[in-house]
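S.K.: Using full-length UniProt numbering, read the sequence shown as starting at 1 and increasing by one per residue.
The beta-carbon is built from N, C-alpha and C at its ideal position, and this holds for glycine as well.
Because the structure is a prediction, the values reported are computed rather than measured.
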Amino acid sequence: MKLRSPSLRLQLVLSVLGMTLFAALMFGFLTLLFAHSVEDSLFEQELIRQGETVQQNWVKTGRLSETGSDYINVYREPSLFPADLTKAFAAAPDHREFRGDDGSHYQVLEISLPGTGESAWLAADLNGRQVVPDLHEKMIRFFVSTTAIIMLLVASMGLLLASRLTAPLTRLAQSVSSQDRHEVPAVTGSDYPGNEVGRLAIALESAFERIEAFVARERGFTRDVSHELRTPLAVIRGGVELIENQPDLPKRVTAPLARIRQAERRMTETIQLLLMLAREEGQNAPREQVALAPIVEAAVLAASDRFGGRDRAVTVDIPPEAAASLNRAGFLMILDNLISNAFEHAPAHALRIALEERSLMIASGGPGMPARIAASAGKPFARGTDSEGVGLGLSIVRRLCVRDEIPLSLGVSEQGTVVRLDLRCSSDFTDSKGQE
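#1: Taking only three categories from DSSP, how would you classify L301?
#2: CB-CB under 8 Å to P114, same chain, minus the five flanking residues each way: which ones, in chain order?
#3: May I have the straight-line CA-CA distance separating Q272 from P294, to the nearest angstrom?
#4: Where I396 and L421 are concerned, what is the direct C-alpha to C-alpha distance, given to the nearest angstrom?
#5: Let me know if Q45 comes out buried or exposed under the rule of 16 or more other beta-carbons within 10 Å of its beta-carbon.
#6: So, L257 versus E244, is the Cβ gap smaller than 8 Å?
#7: Counting pairs of beta carbons, one from the segment 188 to 206 and one from the segment 32 to 46, are three or more of them closer than 8 Å?
#8: Nearest-angstrom Cα distance between V412 and L200?
#9: Are the beta-carbon atoms belonging to N73 and H105 less than 8 Å from one another?
#10: Less than 8 Å separating the beta-carbons of L351 and R312?
#11: Mind reading off the beta-carbon distance from V316 to E297? Whole number of angstroms is fine, and I expect it under 8 Å.
#12: Distance, Cα to Cα, Y192 vs G198?
#13: Between S175 and L169, what straight-line distance do the alpha-carbon atoms span, to the nearest angstrom?
#14: Do you know how far the Cα of Q11 is from the Cα of A148?
#15: Where does V402 fall in DSSP's three states?
#16: By the 10 Å Cβ neighbour count, where 16 or more other Cβ atoms means buried, how is I140 classified, buried or exposed?
#17: Can you give me the C-alpha to C-alpha distance between L423 and R399, rounded to a whole angstrom?
#18: Where does D134 land, buried or exposed, given buried means 16+ other C-beta within 10 angstroms?
#19: What residue range is occupied by the uninterrupted alpha helix (DSSP H) comprising E137?
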């Protein structure tokens, strides 16, 4: 069973909130990055200005002069730096910013001494002079609080907007899903706005009208067929009973009358079964414990009488105690179709019906079913060029197997055709040893 996914309205709100949160986080990150860059740029410009002053004094006096800043010092060589800065500078002499011990922070600028080809270094001790790091906690709190307020406002506005946008679609979904499963939903396209939802509603209205007309035709056809077919069968049944009650009935007609009665009874069951399939009532077909050997033998005898195959080699290898919980009429119709196909399409070859590992196997010899027909077997009106049927037998078989939860497999080779009915899904199955 597929889990129910969140509503479209909730998905829209969550999407807007996600984009808002992403934008807020990016804005906060870029703000902090910009603040650090601006502050570092200010210190760097001060270092450059002080370096130019030192250079000017060198030209005038030939000596290194102190800077005019209390946190920027001049050094003739890096070894004279503070100990923690000397260590950090030695590890990365091409850097301009360094971290010392205890979280200290330095900026270094190398300047040339005019006329000597030598260099000097200016080092700015930024401990206690940086503003942005000290404001990190306050800035983060500010960003969190403002983001929460913005998210609350966006959620409220998004929920309102999503509700307005999805209201027609929600109403359409409720209109379609609230109907009884046996009734065709009724949708009026003019009740919806003229956007995509309205166009969908109009399309559904047209489709449901066609479905309703089709269902009405199907119900009328089923009702008429039920009456028109059962009436002649009742006449046949009454005629057989009338003939059987004749006191001077010749013995030679007893067997034909029995076959007529049996054919009438099976025809009646077949009509009822097909009508059940057409009306969805077949979804709850009654089951009973069915002995497999007698029902298979009855299907074989019926096919033999129909196709004149009493001299054909037929092997039935089913233990007498084998049984399964099945719908008797449906299973008999499955067997009738499968065994009749074997008699019709491979009349000169052996037929074997056996119970193997809780699967009923029907193996027919001969050339087998052509590949073109095997690919479409089970589809309505799929049949070979030499077949006298209309191509509905295997289609009905597959529908019955789906209804009764009997897996069906069809194997075709040069040695013949093998059909397997997996009865393991049938409850109360009893195998050849009498075990459940």
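M.R.: A quick look at the data gives this:
#1: In the structure shown, L301 sits in a helix (DSSP, three-state: H, G or I).
#2: For P114, same chain residues with a beta-carbon under 8 Å away, outside a window of 5 residues either side, are Q55, W58 and V59 in chain order.
#3: Whole-angstrom Cα-Cα distance: 22 Å.
#4: The straight-line gap separating the alpha-carbon atoms of I396 and L421 is approximately 14 Å.
#5: An exposed status is given to Q45, since fewer than 16 other beta-carbon atoms sit within 10 Å of its beta-carbon.
#6: For the 8 Å CB-CB criterion, L257 and E244 form a contact.
#7: With a cut-off of 8 Å, the segment 32 to 46 and the segment 188 to 206 do not count as touching, because too few Cβ pairs lie within range.
#8: V412 and L200 have their C-alpha atoms roughly 46 Å apart.
#9: With contacts defined as CB atoms closer than 8 Å, N73 and H105 fail to qualify as a contacting pair.
#10: Yes.
#11: About 6 Å; that satisfies the 8 Å criterion.
#12: Linking Y192 to G198 through their CA atoms gives a straight-line distance of about 5 Å.
#13: Cα to Cα, the separation comes out at about 10 Å.
#14: In a straight line, the C-alpha of A148 is about 20 Å away from that of Q11.
#15: Under the three-state reduction of DSSP, V402 is assigned to helix.
#16: Exposed: under 16 other Cβ atoms inside 10 Å.
#17: In this structure, the straight-line span from the alpha carbon of L423 to that of R399 is close to 16 Å.
#18: In summary, D134 is exposed, with fewer than 16 beta-carbon neighbours lying within 10 Å of its beta-carbon over all protein chains present.
#19: Its alpha helix (DSSP H) spans residues H136 to S177.
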